[in-house]
Amino acid sequence: MHASLIPQQPWPEAYPDGYAVVDVETTGLGRDDRIVSAAVYRLDARGDVQDHWYSPVNPQRDPGPVWIHGLTSRMLADAPLFPEIAAELAERLDGRVLVAHNAVFDWSMLAREYSRANSAAPVEHRLCTIVLSKELRLPLANHKLESLAAHYGVAQQRAHHALDDARVLAESFRPSLHLAAAAGMRLPLHACRPLTEWVDGGMSGRSSGSAGYRSTYRPMSWRPSRKRPACPYPNPGRMAADGPLVQGMRVAFSGDTAIDRELLEDRATDAGLHVASSVSRLTSLLVTNDPDSPSTKVAKAGEFGTRVIDERRFVELLKAVAPAPDVHG
Numbered sequence: 053m054h055a056s057l058i059p060q061q062p063w064p065e066a067y068p069d070g071y072a073v074v075d076v077e078t079t080g081l082g083r084d085d086r087i088v089s090a091a092v093y094r095l096d097a098r099g100d101v102q103d104h105w106y107s108p109v110n111p112q113r114d115p116g117p118v119w120i121h122g123l124t125s126r127m128l129a130d131a132p133l134f135p136e137i138a139a140e141l142a143e144r145l146d147g148r149v150l151v152a153h154n155a156v157f158d159w160s161m162l163a164r165e166y167s168r169a170n171s172a173a174p175v176e177h178r179l180c181t182i183v184l185s186k187e188l189r190l191p192l193a194n195h196k197l198e199s200l201a202a203h204y205g206v207a208q209q210r211a212h213h214a215l216d217d218a219r220v221l222a223e224s225f226r227p228s229l230h231l232a233a234a235a236g237m238r239l240p241l242h243a244c245r246p247l248t249e250w251v252d253g254g255m256s257g258r259s260s261g262s263a264g265y266r267s268t269y270r271p272m273s274w275r276p277s278r279k280r281p282a283c284p285y286p287n288p289g290r291m292a293a294d295g296p297l298v299q300g301m302r303v304a305f306s307g308d309t310a311i312d313r314e315l316l317e318d319r320a321t322d323a324g325l326h327v328a329s330s331v332s333r334l335t336s337l338l339v340t341n342d343p344d345s346p347s348t349k350v351a352k353a354g355e356f357g358t359r360v361i362d363e364r365r366f367v368e369l370l371k372a373v374a375p376a377p378d379v380h381g
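Residue numbers 53 to 381, in my numbering, belong to the letters of the sequence shown in order.
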């Protein structure tokens, strides 16, 4: 049958009206790091490119890993400060779902920059292409952007240049979006909650010796903190290769999850697990959809030999959590 004669599934009505595919290059991976360049490809409801935008950003500090992003202090000296591009960038994000590869990172970096500038990014939802590729069960060797691009035959021209990374991701996201639509799959959208770690921000001048943005930093996650009841069960140690999960095990999470993170943590707590905010020698398990991520938790898991599994496997294991051993028996 000719392709044009194949019956087409109706486009899901619940799908967003538009997307902003984003990539940012930064001075590092921490909360105090800064954006050195940003790019946005605007896509319509079906993933077709409408336009694109790019700007370098003066971070008012050392640019960090120049060997990765290629932007030196001299190159960034005359680049605009983030508040000088904030309105133009906001216009391109407004009313769209933010799409990125490891979206929680790009979102949190943007949100912090807007917060430093006494503003807020006009983004209500984000979509991580790592999570989407897992939901689609794409046969990828790993979860790097280059692997996703190779799967769809998208050629990378300048890896780690924000504009080219955003282009590659936009061209790779479109076929993933159409696969999801054809399957009638619900997109893994995540709410973008306001930052809670910056208060009383303000921008200082660009004069010599300037300290940059004046702000008060609160050392907490960008997620609102939630106090959980103490786990009533003793820690039985690491999880065996094939499971099961056992009540009292310490579980940490890293990166985006298809199920809302708080809901996933609530399920773990209800099952009798100890939800940990970091990875230590006592952590039984790390749950992440991006085991190749350079995050601190993933690095610590490797250092301590902590078992790492993805969200899908964790959800399966949650269905049969073994009771805590009877210490009195």
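No residue lacks a Cβ here, since even glycine has one placed at the ideal position from N, Cα and C.
Open item on the list: Would residue 151 and residue 190 be called neighbours here (beta carbons separated by less than 9 Å)?
Closed with: Here residue 151 refers to the residue found at position 99 of the sequence shown. Here residue 190 refers to the residue found at position 138 of the sequence shown. No, Cβ-Cβ distance for residue 151 and residue 190 is not below 9 Å.
Task: Segments assigned beta strand (DSSP E), at least 3 residues, entirely inside the region 189 to 255 - done: Taking 3 residues as the shortest admissible run, the region 189 to 255 contains the following complete beta strand (DSSP E) segments, listed from N- to C-terminal end: 241 to 243, 250 to 255.
- [ ] Give the secondary structure of residue 166 by DSSP, where H, G and I count as helix, E and B as strand, and everything else as coil.
- [x] Indexing the sequence shown from 1 puts residue 166 at position 114. Assigned with DSSP and collapsed to three states, residue 166 falls in helix.
Task: Identity of the residue in 112, 71, 305 nearest residue 103 by Cα - done: Sequence index remark: in the sequence shown, residue 103 carries index 51 (1-based). Considering only alpha carbons, the answer is 71.
TODO: Going by CA-CA distance only, name the one from 119, 334, 349 that's closest to residue 211.
DONE: Numbered from its first residue, the sequence shown carries residue 211 at position 159. Closest by alpha carbon: 119.
- [ ] Below 7 Å CB to CB, which residues in the same chain sit around residue 346 once its five sequence neighbours on both sides are set aside?
- [x] Working through the sequence shown from its first residue, we reach residue 346 at position 294. For residue 346, where only same-chain residues beyond five positions count, the Cβ hits under 7 Å are 81.
Open item on the list: Taking 9 Å as the threshold (C-beta atoms), are residue 73 and residue 88 in contact?
Closed with: Looking up residue 88 in the sequence shown gives position 36. Looking up residue 73 in the sequence shown gives position 21. Note that the C-beta distance between residue 88 and residue 73 is not below 9 Å.
Task: Sequence-distant residues of the same chain with beta carbon closer than 8 Å to residue 373, five excluded per side - done: Here residue 373 is taken as the residue at index 321 of the sequence shown, counted from 1. By the criterion of a C-beta distance shorter than 8 Å, residue 373 is surrounded in its chain by 296, 297, 298, 299, 323, 324, 325, once the five residues flanking it on both sides are discounted.
Open item on the list: Assuming residue 107 is part of the beta strand (DSSP E), what are its boundary residues?
Closed with: Residue numbering aside, residue 107 sits at position 55 when the sequence shown is read from its first letter. It spans 101 to 108 - the beta strand (DSSP E) in which residue 107 sits, taken as one unbroken run.
- [ ] Could you tell me the distance, in whole angstroms, from the CA atom of residue 159 to the CA atom of residue 195?
- [x] Locating residue 159 in the sequence shown gives position 107, counting from the first residue. Locating residue 195 in the sequence shown gives position 143, counting from the first residue. Distance between the alpha carbons of residue 159 and residue 195: 18 Å.
TODO: Measure the Cβ-Cβ separation of residue 237 and residue 188 and say whether it is below 9 Å.
DONE: Residue 237 sits at position 185 when you count from the first residue of the sequence shown. Residue 188 sits at position 136 when you count from the first residue of the sequence shown. Contact check for residue 237 against residue 188 passes: the beta carbons are separated by less than 9 Å.
TODO: Would you check if the region 329 to 337 and the region 347 to 357 touch, i.e. whether three or more CB-CB distances between them fall below 8 Å?
DONE: As far as the Cβ criterion goes, the region 347 to 357 touches the region 329 to 337, which means the pair count is three or higher.
Open item on the list: If I follow the unbroken alpha helix (DSSP H) through residue 185, where does it start and stop?
Closed with: On the sequence shown, residue 185 is found 133 positions in, with the first residue counted as 1. Counting along the chain, the alpha helix (DSSP H) containing residue 185 begins and ends at 181 to 187.
Task: Where residue 273 sits in the DSSP three-state scheme - done: Taking the first residue of the sequence shown as position 1, residue 273 is located at position 221. At residue 273 the pLDDT is 38, less than 50, meaning the model places this residue with poor confidence; the figure from the coordinates comes in the next sentence. Residue state, collapsed to three classes: coil.
- [ ] Could you round the C-beta distance between residue 132 and residue 156 to whole angstroms and report it? I think they count as a contact, below 8 Å.
- [x] Position 80 of the sequence shown, counted from the start, is the residue given in the question as residue 132. Position 104 of the sequence shown, counted from the start, is the residue given in the question as residue 156. About 26 Å; that fails the 8 Å criterion.
Task: At least 3 beta-carbon pairs within less than 8 Å: the region 130 to 147 vs the region 166 to 182 - done: Between the region 130 to 147 and the region 166 to 182, the count of C-beta pairs closer than 8 Å reaches three or more; the two stretches touch.
TODO: Kindly indicate the opening and closing residues of the alpha helix (DSSP H) around residue 89.
DONE: Looking up residue 89 in the sequence shown gives position 37. Per DSSP, residue 89 belongs to no alpha helix (DSSP H); it is in the beta strand (DSSP E), 87 to 96.
TODO: Can you tell me which of 283, 216, 293 puts its alpha carbon nearest to the alpha carbon of residue 302?
DONE: Looking up residue 302 in the sequence shown gives position 250. Distances from the alpha-carbon of residue 302 to those of 283, 216, 293 put 283 closest.
Task: residue 181 classed as buried or exposed, judged by whether at least 16 other C-beta atoms fall within 10 angstroms - done: Within the sequence shown, numbered from 1, the residue matching residue 181 stands at position 129. When all chains shown are included, residue 181 counts as buried.
Open item on the list: Among the candidates 311, 306, 203, 328, whose CA atom is the shortest distance from the CA of residue 281?
Closed with: By one-based count along the sequence shown, residue 281 stands at place 229. For residue 281, the nearest C-alpha among the options comes from 328.
Task: Cross-strand partners of residue 338 (DSSP beta bridge) - done: Here the question's residue 338 lines up with position 286 in the sequence shown. Paired residue(s): 304, 360.
Task: Inter-residue CB distance, residue 214 and residue 77 (contact presumed, cutoff 8 Å) - done: To locate residue 214, count along the sequence shown from 1; it is residue 162. To locate residue 77, count along the sequence shown from 1; it is residue 25. Contact between residue 214 and residue 77 holds, since their C-beta atoms are separated by about 5 Å, short of 8 Å.
Task: Short Cβ contact (9 Å threshold) for residue 67 with residue 97 - done: Position 15 of the sequence shown, counting from 1, holds the residue named residue 67. Position 45 of the sequence shown, counting from 1, holds the residue named residue 97. Cβ atoms of residue 67 and residue 97: closer than 9 Å.
TODO: For the alpha helix (DSSP H) containing residue 136, list its first residue and its last residue.
DONE: For the purposes of this step, residue 136 is taken as residue 84 along the sequence shown, with counting starting at 1. Residues 134 to 145.
Task: Residues near residue 368 in its chain [Cβ-Cβ closer than 8 Å; skip 5 each side] - done: By 1-based counting over the sequence shown, the position of residue 368 is 316. Taken in chain order, the list of residues that qualify is empty.
- [ ] Could you please give the first and the last residue of the uninterrupted alpha helix (DSSP H) stretch that includes residue 315?
- [x] Here residue 315 refers to the residue found at position 263 when the sequence shown is read from its first residue. In this chain, the alpha helix (DSSP H) harbouring residue 315 covers 313 to 322.
TODO: Go through its chain and collect everything with a Cβ distance to residue 221's Cβ below 6 Å, but skip five positions before and after it.
DONE: As a first step, residue 221 is located in the sequence shown; it is residue number 169 there, counting from the start. Only 73, 153 meet the Cβ criterion.
- [ ] Provide the residue span of the alpha helix (DSSP H) that contains residue 128, from first to last.
- [x] Numbered from its first residue, the sequence shown carries residue 128 at position 76. Counting along the chain, the alpha helix (DSSP H) containing residue 128 begins and ends at 125 to 128.
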